[in-house]
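Before any comments, here is the structure.
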Amino acid sequence: MTEDDKQRQLDAHRVDSDGTRYTTDQGVRVDDTDNSLSIGERGPTILEDFHFREKTMRFDHERIPERVVHARGAGAYGQFRVYDDSLAEYTVADFLTDPSQVTPVFVRFSTVAGSRGSADTVRDVRGFATKFYTRQGNYDLVGNNMPVFFIQDAIKFADFVHAVKPEPHNEIPQAQSAHDTLWDFVQLQPETMHMIMWLMSDRAIPRSYRMMQGFGVHTFRLVNAQGKGTFVKFHWRPKLGTHSLVWDEVLRVQGNDPDFNRRDLWENIETGSYPEFELSVQLVPEEDEHKFDFDLLDATKIIPEEEVPLRPVGSMVLNRNPENFFAETEQIAFCTANVVPGIDFTNDPLLQGRNFSYLDTQLIRLGGPNFPQIPINRPVAPVHNDQRDGYHQHMIHQSRTSYSKNSISGGCPMTGVGSGDMEGVFKHYTERVDGNKIRKRSPSFEDHYSQATLFWNSMADWEKRHIVSAFLFELGHVERRSIKEKVVEHLTHVDQDLAAQVAAGLGMPAPSGGTPNHGKSSPALSQADQPHDSIATRKIAILVADASDAGEVEAVRQALTDRGAICEIVAPHEGEAGSLTVDRQVSAASSVLYDAVLLAAGQDLAETGDAVHFVREAFKHGKAIGVLADARPLLEAANLPSDLGVIGPDSASALADQFAQAIAGHRFYDRDVAAFSA
Ligand code: HDD
């Protein structure tokens with residue numbers, strides 16, 4: 001089975017209403033769906049109106065329960081291909097070892113805390129869940145854009161989610177971690193500290209789903225043909241680099257375009273700018289399980305890349321949008337227990353609990369045990385077993401037996417052992433386990449601070465500033481003083497300087513005590529160290545007016561689009577500005593929806609409040625600003641406090657390269673904008 005097979009499978013379920021006639025669900029043609037059946041024109045509606053009753057019954061049942069977490073998301077189809085067969089030494093997973101195979105995938109990106117209708121750009125973890133439709137069955141890699149998790153044991157998940165979700169009495173706040181119950185959970189559960197550092201960092205406000213990393217989080221196990229295991233961590237790295245928004249911008253994007261990340265994914269796939277992610281693995285021989293200063297089974301820990309380098313193994317391209325959000329993105333059902341031969345679990349207590357939870361949640365969400373038959377969930381590998389019946393069974397099983405072993409059906413469907421054919425059979429990894437039945441966390445899970453410190457130490461100065469501001473925003477929304485104090489106390493075990501800065505902002509005395517900083521860092525954790533070499537798909541606003549020099553504008557536009565950027569002409573009015581076609585009127589545009597701005601109009605826009613605000617706001621958010629020679633008056637009207645990342649005023653030919661370079665750098669975080677108001 002191949003990518004085409006998945007396509008054919010989906011095709012078989014596609015319904016197109018083009019050229020069709022309206023019918024009931026029973027296939028009876030309907031004469032009119034605007035007026036219910038009544039006695040006389042002004043008389044009562046009658047029960048006999050089966051069309052009205054069916055239509056309304058269907059409407060009343062349209063919604064299914066939203067996901068209890070990760071309710072808000074967006075998905076896309078794509079394909080995965082491994083580079084070579086070098087992993088064959090470690091795993092029998094076909095899709096990870098056969099470079100001739102193109103494995104179809106569906107990826108769903110999501111936020112965690114918000115409801116289905118919440119805004120995209122909130123401070124939150126992003127889900128990054130991939131379903132690989134492999135020849136050996138479906139494999140789900142249900143990861144996040146952060147490599148660690150809040151808790152170590154799945155039994156705490158319900159508590160954590162209850163704490164981060166809106167508070168129970170008034171259901172406030174929506175999609176926000178800035179409230180008492182989350183921080184109360186944090187202060188009482190210091191195992192959250194490493195993840196909290198990630199959550200307070202810019203990783204929690206990605207510029208795009210296409211520009212964030214993905215992580216399998218847990219240590220999994222690869223298993224080879226001899227049954228030998230190798231520990232593995234999975235990483236996705238975006239081809240476009242890992243970039244974020246800035247917090248003040250995020251707050252404004254939420255109002256300007258609540259679908260910011262969803263729209264960005266959709267539009268780029270529609271226009272053929274296909275998001276691409278490289279899959280890498282970190283491999284640890286079983287013999288090395290105990291050589292680290294943390295436990296590999298603890299999901300609040302990373303394996304620093306400097307200790308175990310990433311090994312790139314394959315690439316995933318997302319190249320097709322779903323056709324129907326509900327049928328595909330809403331009904332896709334991921335489960336960490338969906339593994340294929342060659343991939344197995346470890347005893348990570350978070351992973352073990354997830355393996356139960358996902359299957360269980362699909363039963364309530366998708367209304368019964370036959371959800372794997374929904375087109376988006378169907379494997380391309382053939383499915384045969386004796387599991388039958390249940391709500392919404394789509395198959396018409398022909399066999400006279402539904403038990404195993406049987407003789408009536410010739411023993412079919414046959415197990416590996418029954419048939420003697422063990423090709424492609426999933427064999428659980430053999431692991432010896434001895435121990436008492438206990439409820440107790442391993443002492444090897446006890447260090448909650450060292451890697452939080454590692455993360456802090458690895459940050460660039462601007463990343464540290466953003467983390468401090470995030471703590472102040474979040475704790476600033478916490479009402480109970482005792483909770484804030486306790487969080488600051490935890491921070492003294494991460495880094496004294498961090499704790500002191502947060503304490504100062506909260507008006508608390510400089511904290512004492514704490515743990516000395518170990519001084520280690522992992523440069524790979526900083527976004528400053530991610531690639532900044534492309535402007536592909538960046539959105540650039542070109543501010544023009546009727547008198548703008550179209551030749552100069554076209555020259556810069558060409559230079560930017562040649563490098564893959566997307567330019568939009570923004571002007572005081574719709575229609576034409578001179579010979580330039582306007583994409584957006586300035587008062588209907590907002591700088592927060594763009595990555596950079598080119599000023600291409602002078603006096604006319606210098607007198608337009610919206611345009612001046614546009615420029616100042618872009619500056620405040622660290623964006624590159626290109627200035628054509630004629631636009632000097634607009635630049636002067638904007639009265640920016642520095643020229644860092646402001647390119648020009650100059651001619652198109654003189655500024656284009658430098659402007660493009662500035663955009664590739666993403667943001668000028670070192671601008672002093674603390675006291676600058678847009
Ligand atoms: Fe989970 C959904 C990721 C821990 C229980 N989780 C869900 C999704 C992602 C993750 C990306 C959305 C999938 C989709 O798009 O449909 N979850 C994670 C990661 C975790 C994690 C990376 C830690 C490493 N999750 C976790 C625990 C539990 C759950 C410990 C329960 C014990 N997660 C669920 C769930 C969800 C879910 C309730 C909600 C909807 C769904 O599964 O299908 O079962």
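Using this note's numbering, read the sequence shown as starting at 1 and increasing by one per residue. In this text, a Cβ means the ideal position worked out from N, Cα and C, and glycines have one as well.
Around the beta carbon of E3, 16 or more other beta carbons sit within 10 angstroms, so the residue counts as buried. Annotation for R616 indicates a beta carbon at 7 Å or more from all heavy atoms of ligand 1. Relative to the Cα of G476, the nearest Cα in the group T24, H179, G410 belongs to H179.
L366 has its alpha-carbon roughly 29 Å from the corresponding atom of C412.
If you check the C-beta of Q362 against ligand 1, you find a heavy atom less than 7 Å away. Using a Cβ distance threshold of 8 Å, L296 and V284 count as a contacting pair. Secondary structure note for K486: it is in no beta strand (DSSP E), and the uninterrupted alpha helix (DSSP H) holding it is 481-492. Rounded to the nearest whole angstrom, the CA to CA distance from R221 to F231 is 5 Å.
Around the C-beta of H397, fewer than 16 other C-beta atoms lie within 10 Å, and the residue is accordingly described as exposed. Using a 10 angstroms sphere on the CB of I364, the tally of other CB atoms stays under 16, which defines it as exposed.
Using a 10 angstroms sphere on the CB of F326, the tally of other CB atoms stays under 16, which defines it as exposed. Per DSSP, G476 is one residue of the alpha helix (DSSP H) stretching across 461-476.
Annotated three-state conformation of Q393 is coil, per DSSP.
In the three-state reduction of the DSSP assignment, V107 falls in the strand class. Counting only residues of its own chain and dropping the five nearest sequence neighbours on each side, T24 has a CB closer than 8 Å to the CB of V30, F50, H51, E54. Rounded to whole angstroms, the gap between the alpha carbons of W198 and E576 is 46 Å. A direct Cα-to-Cα measurement between K405 and Q9 gives close to 30 Å.
Judged by DSSP secondary structure, Q79 falls within the beta strand (DSSP E) whose first and last residues are 73-82.
If you look at S280, you'll find it in the beta strand (DSSP E) that goes 276-285. Comparing alpha carbon positions, the residue from L96, K165, G117, A163 closest to Y139 is L96.
By the C-beta criterion, the segment 189-204 is judged to be in contact with the segment 451-464, since at least 3 inter-stretch pairs fall below 8 Å. If you draw a 10 Å sphere on the C-beta of M395, you find fewer than 16 other C-beta atoms in it, and that means exposed.
By the Cβ criterion, the segment 163-178 is in contact with the segment 123-135, since at least three pairs of Cβ atoms, one from each stretch, lie closer than 8 Å.
Its Cα nearest to that of E66, the residue Q362 stands out among V488, Q362, A631. Remark: the C-beta of V142 is in contact range of ligand 1, defined as less than 7 Å to any heavy atom. Residue pairing for N138: DSSP places it in a beta bridge opposite Y133. Per the coordinates, the alpha-carbon of A606 lies some 37 Å from the alpha-carbon of Q530. In terms of Cβ geometry, F676 and G645 do not form a close pair [threshold 8 Å].
Among the bridge pairs identified by DSSP, R29 is matched with T23.
The beta carbons of R108 and G75 sit closer together than 8 Å.
The C-alpha of S590 lies about 22 Å from the C-alpha of D672. The DSSP-derived three-state label of R563 is coil. Sixteen is the threshold: when 16 or more other Cβ atoms of the shown chains lie within 10 Å of the Cβ of E617, as they do, the residue is buried. Ranked by Cα distance from N256, the options P341, V553, W462, S587 are led by S587. Sixteen is the threshold: when 16 or more other Cβ atoms of the shown chains lie within 10 Å of the Cβ of R557, as they do, the residue is buried. Around the beta carbon of Y209, 16 or more other beta carbons sit within 10 angstroms, so the residue counts as buried.
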